[in-house]
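K.L.:
Quick note on the UniProt record's numbering: the sequence shown kicks off at 1 and runs consecutively. Cβ atoms here follow ideal geometry from the backbone N, Cα and C, with glycine treated the same way. Predicted, not measured: the structure shown is a model, and the values here were computed from it. Have a look at this one before I ask anything.
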Amino acid sequence: MGSQDDPMMLRRPPGGAEQQRPGCGSEEPPTGEGPLSPFPEGLRFDIRPSGEISRCFRKLGVPDFPSAIRYVHRLPYGRNTDRSDYRLVLTEKKGTCSTKHALLARLAEEQDRPVHLMVGIYRMDGKNTPGVGVVLKKHRLSCLPEAHCYLKFRGHRLDATRVTEAGSDPFDFLLSERRIQPEGIGEPKVKWHQAYLREWVRTQGMKPEEWKRVWEAREACIRALEEI
């Protein structure tokens, strides 16, 4: 089961093979306090040029960790050309919960900060994940277990990719979670997710092979989210 830590999301206030390094991009950084503040104590730190990701953010004019989270938060949702390479978020100017949070986790690691990358399985439906309800209905499902990446800092879960309203917080529907490394957002994350689906269909009284149908529905949900 999921951790018993009190969940906390950053909310909007009212209103493989060795690959060539992708570079740092050139977009101007966001300015102002932004949509993900106030920040938890301990996460307001300047970015030192102490690693590849840190240098990339500094090159982009992003001076501190809160600004880095706001920068990533404002990039659109979309799968990267290599879903396991979190560095592509900065060059392709988009990312998923996996690549965006892996990028931020690596940045925090380079800055010697105890910010951990987590992957959790939550019960996804049309209410807590707007945009997937029609897709689920088409596949004759009311919900399905979805894997979602986020950060964890001093026992608190931090989601830098979502803005939620009361009653739609995915952490309220968390079924299981584990800590992973940024390099584990590709095949290792997929294998764990699919293993969970196999067990889930059994508990739902479905045929064992139906996990593939559920996975196809999940992929259709992701495509729908990319179009929002």
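Roughly how far, in whole angstroms, is the beta-carbon of L117 from the beta-carbon of G126, given that I think they are within contact range, below 8 Å?
P.N.:
Position 117 of the sequence shown, counting from 1, holds the residue named residue 117. Position 126 of the sequence shown, counting from 1, holds the residue named residue 126. That pair is no contact at about 27 Å.
K.L.:
Less than 7 Å separating the beta-carbons of residue 229 and A224?
P.N.:
This structure cannot settle anything about residue 229, because the visible part of the chain is limited to 1 through 228.
K.L.:
Using the C-alpha atoms, what's the distance from I53 back to Y77?
P.N.:
Along the sequence shown, read from residue 1 onward, the residue named residue 77 stands at position 77. Along the sequence shown, read from residue 1 onward, the residue named residue 53 stands at position 53. Rounded to the nearest angstrom, the two C-alpha atoms are 20 Å apart.
K.L.:
Going by C-alpha distance, which of W200, I121, K207 is nearest D172?
P.N.:
Indexing the sequence shown from 1 puts residue 172 at position 172. Ranking W200, I121, K207 by Cα distance to D172 puts I121 first.
K.L.:
State the Cα-Cα distance for the pair G51 and H148, rounded to the nearest angstrom.
P.N.:
Here residue 51 refers to the residue found at position 51 of the sequence shown. Here residue 148 refers to the residue found at position 148 of the sequence shown. Roughly 26 Å separates the two Cα atoms.
K.L.:
Determine the DSSP secondary structure at E187, reduced to helix, strand or coil.
P.N.:
Mapped onto the sequence shown, residue 187 falls at position 187. Looking at E187 - three-state DSSP - the assignment turns out to be helix.
K.L.:
Using a Cβ-Cβ cutoff of less than 6 Å, which residues in the same chain neighbour I228 once the five nearest sequence positions on both sides are dropped?
P.N.:
Here the question's residue 228 lines up with position 228 in the sequence shown. Hits under 6 Å: G131.
K.L.:
So which of E110, A105, L75, P114 has the shortest CA-CA distance to G95?
P.N.:
Reading the sequence shown from its first residue, position 95 is the one you call residue 95. G95 has its Cα closest to that of L75, out of E110, A105, L75, P114.
K.L.:
Is it right to say G155 is buried, meaning 16 or more other beta carbons lie within 10 angstroms of its own, or is it exposed?
P.N.:
Here residue 155 corresponds to residue number 155 of the sequence shown, with the count starting at 1. Classification for G155: exposed.
K.L.:
Do three or more CB pairs link the segment 101-114 to the segment 196-207 at distances below 8 Å?
P.N.:
Segments in contact, no.
K.L.:
Do L141 and A68 count as a contact pair if the criterion is CB distance below 7 Å?
P.N.:
The count along the sequence shown starts at 1 and reaches residue 68 at position 68. The count along the sequence shown starts at 1 and reaches residue 141 at position 141. No, they are not a contact pair.
K.L.:
Does DSSP put Y86 in a helix, in a strand, or in coil?
P.N.:
The sequence position of residue 86 within the sequence shown is 86, counting from 1. Coil, per DSSP.
K.L.:
With a threshold of 8 Å on Cβ separation, who are the neighbours of L103 within its own chain once the five nearest residues in sequence on each side are excluded?
P.N.:
Reading the sequence shown from its first residue, position 103 is the one you call residue 103. Here the set comprises I53, V72, Y86, R87, V89, L90, G95, P182.
K.L.:
DSSP puts E177 in a beta bridge; with which residues?
P.N.:
Sequence index remark: in the sequence shown, residue 177 carries index 177 (1-based). DSSP output for E177 lists G120 as bridge partner(s).
K.L.:
Spell out the partners DSSP gives A147 in its beta bridges.
P.N.:
Locating residue 147 in the sequence shown gives position 147, where the first residue counts as 1. Paired residues: I121.
K.L.:
Would you kindly work out how many angstroms separate the C-alpha atoms of V134 and C221, rounded to a whole number?
P.N.:
As a position in the sequence shown, residue 134 is number 134, starting the count at 1. As a position in the sequence shown, residue 221 is number 221, starting the count at 1. Cα to Cα, V134 sits roughly 9 Å from C221.
K.L.:
What does F39 pair with, by DSSP beta-bridge criteria?
P.N.:
Taking the first residue of the sequence shown as 1, we reach residue 39 at position 39. None; F39 has no bridge partner.
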